[in-house]
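Heads up: the structure comes next, in structure tokens.
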Amino acid sequence: MMRDRPAFRIKPEILKTSEIQNRAEQLTLAYAEQVGLDAARLGISFQVVYEELIYPDYGIELQEGLDLGFDDYGKKYFGRFLPAENIVQIDRIISDDPNHPQRAFTYWHEVGGHGVLQGEWLRKQLKLHGGSGCIATTEHSLSFDVVNALERQANIFAARAGAPNWLLYHVVNETMDLTRPIRYVGPSKYSLQIRGRTETVTVKSFEHLCWIIGKRIQFRFGWLSAEALGYRIAETSMVKDFTNSRFELNRVATDRRSIPVFAAPVGEILAGMVS
């Protein structure tokens, strides 16, 4: 939400979800190109991308260990972005706790979403209207059902930058040794191949299955939360919900076995994104 804002209401830049996602992918691809694909495929973390790419290219200053207080409803501020100063401030509840479940996503949300994606637009709007202010983020702002457009855009960017497609497909395929999509057919026990061994897990829902997979790959994504990774996995073709009639209605009969999307070499995925 916008704090200390002027009399006018800042309107977010009109962006399609696909455009926001593509900008996030391009940011991480620039990082992969800079450090080399082999190194990038080992994993990605906010801190490394910030130091190697974001700060040098965007000049976003990061201030940590602060007490940002609470909003009018008693919700703790996790972070805030000051567009005019190009500064992101992170509350110590996040910055000083490496095990906080929303730590990585908060950094991607503030620096990536508000700073990289929206920063230039917000500065132009403030300059145009002669205003000043900051965008403050609470735990609620990080929810994927948030209605505020600026926060929603920042969440979309953060989710995709924190777990870009080119890396997510590679890591899940490598970890799960996939030859076809994992089929969710309802609450039950599932046998999953994880790093060469069979693991039996009790699954409560489609989202829970995606969360379980996300939990196993957190270390490759700078300890992005299992919730955020599960959300991203649910967006892909690697896990399919066969309890949803949409999947049944949209299937097309064919005698030719198609190659799963996730089986494509990473090089092809990268080439498709940068072309």
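In terms of this note's numbering, the sequence shown opens at residue 72 and continues consecutively. Cβ coordinates follow ideal geometry from the N, Cα and C atoms, glycine included.
Residue i at chain B interface by Cβ criterion, 7 Å
| i | result |
| --- | --- |
| LEU188 | Absent here is chain B; the protein component of the structure consists of one chain. |
Backbone secondary structure at residue i - three-state DSSP
| i | result |
| --- | --- |
| ILE158 | strand |
| ILE115 | coil |
| VAL106 | helix |
| ASN321 | Note that ASN321 scores a pLDDT of 34, beneath 50, so its modelled location is shaky; the value from the coordinates is reported in the next line. The answer is coil: DSSP assigns ASN321 none of H, G, I, E or B. |
| LEU100 | helix |
| LEU153 | strand |
| SER89 | helix |
| SER276 | coil |
| SER296 | coil |
| GLU84 | coil |
| ALA234 | coil |
| ASP128 | helix |
| ASN226 | helix |
Which residues DSSP lists as bridging residue i, in chain order
| i | result |
| --- | --- |
| GLN264 | THR269 |
| PHE141 | LYS147 |
| ILE253 | VAL310 |
| GLN134 | GLN160 |
| SER259 | VAL274 |
CA-to-CA distance, residue j to residue i, given in whole angstroms
| i | j | result |
| --- | --- | --- |
| ALA220 | ASN157 | 20 Å |
| THR269 | PHE141 | 46 Å |
| LYS195 | THR177 | 24 Å |
| ALA347 | LYS260 | Only positions 72 to 346 of the chain appear in this structure, which leaves residue 347 out of reach. |
| LEU86 | GLU222 | 13 Å |
| GLU104 | ASN93 | 16 Å |
| LEU124 | LEU100 | 11 Å |
| LEU137 | GLU181 | 15 Å |
| SER262 | ILE304 | 18 Å |
| THR271 | GLY114 | 26 Å |
| ASN170 | ARG287 | 16 Å |
| LEU238 | PRO83 | 29 Å |
| LEU295 | ARG174 | 8 Å |
| GLY183 | ALA225 | 7 Å |
| HIS241 | LEU108 | 12 Å |
| LEU280 | ARG266 | 17 Å |
Spatial neighbours of residue i in its chain, beta-carbon cut-off 8 Å, leaving aside the 5 residues before and after
| i | result |
| --- | --- |
| GLU298 | PRO172, TRP282, GLY285 |
| GLU191 | none |
| PRO235 | ALA95, GLU96, THR99, LEU100, ILE115 |
Sequence-distant residues of its chain with Cβ nearer than 6 Å to residue i (five each side left out)
| i | result |
| --- | --- |
| GLY277 | Position check: residue 277 holds Phe in this sequence, whereas Gly was assumed. So the qualifying residues of the chain are TYR255, ASP312. |
| TYR129 | VAL187 |
| ASP248 | GLN264 |
| GLU245 | none |
Residues near residue i in its chain [Cβ-Cβ closer than 7 Å; skip 5 each side]
| i | result |
| --- | --- |
| ASP167 | GLY136 |
| ILE227 | THR88, ILE91, GLN92 |
| LEU193 | ILE81, PRO154 |
| PRO258 | VAL274, LYS275, SER276 |
Say whether the segment 117-127 touches the segment 136-151, bearing in mind that this needs 3 or more beta-carbon pairs closer than 8 Å, one atom from each stretch.
Counting Cβ pairs under 8 Å, fewer than three are found: no touch.
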